[in-house]
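Heads up: the sequence shown begins at 58 in our numbering, then just goes up one per residue.
For glycine and all other residues, C-beta sits at the position ideal for the given N, C-alpha and C.
The next block holds one structure in the form of structure tokens; read it before the comments.
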Amino acid sequence: MALFKRNNGTEQAEMSFIDHLEELRKHIIRSILAILVFGIAIFIYRDWV
Numbered sequence: 058m059a060l061f062k063r064n065n066g067t068e069q070a071e072m073s074f075i076d077h078l079e080e081l082r083k084h085i086i087r088s089i090l091a092i093l094v095f096g097i098a099i100f101i102y103r104d105w106v
């Protein structure tokens, strides 16, 4: 999965509204997972910190 797609000049890459919603959903899910993982890690090591 490429984060940034390169456009080779002649064709313009356009995303539909649904495509934007799908990308937003992916980012929200990744953010929630990161918060959960770091939250669990902080909870486990709270006495050490």
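*Inter-residue spacing [alpha-carbon to alpha-carbon] between Leu78 and Arg87*: 14 Å
*Euclidean distance between Cα positions of Ile101 and Ile85*: 24 Å
*Taking only beta-carbon atoms, is Arg82 less than 8 Å away from chain D?*
Protein chains in the displayed structure number just one, and chain D is not present.
*If we ignore side chains and look at the alpha-carbon of each, how far apart do Gly96 and Leu90 end up?*
10 Å
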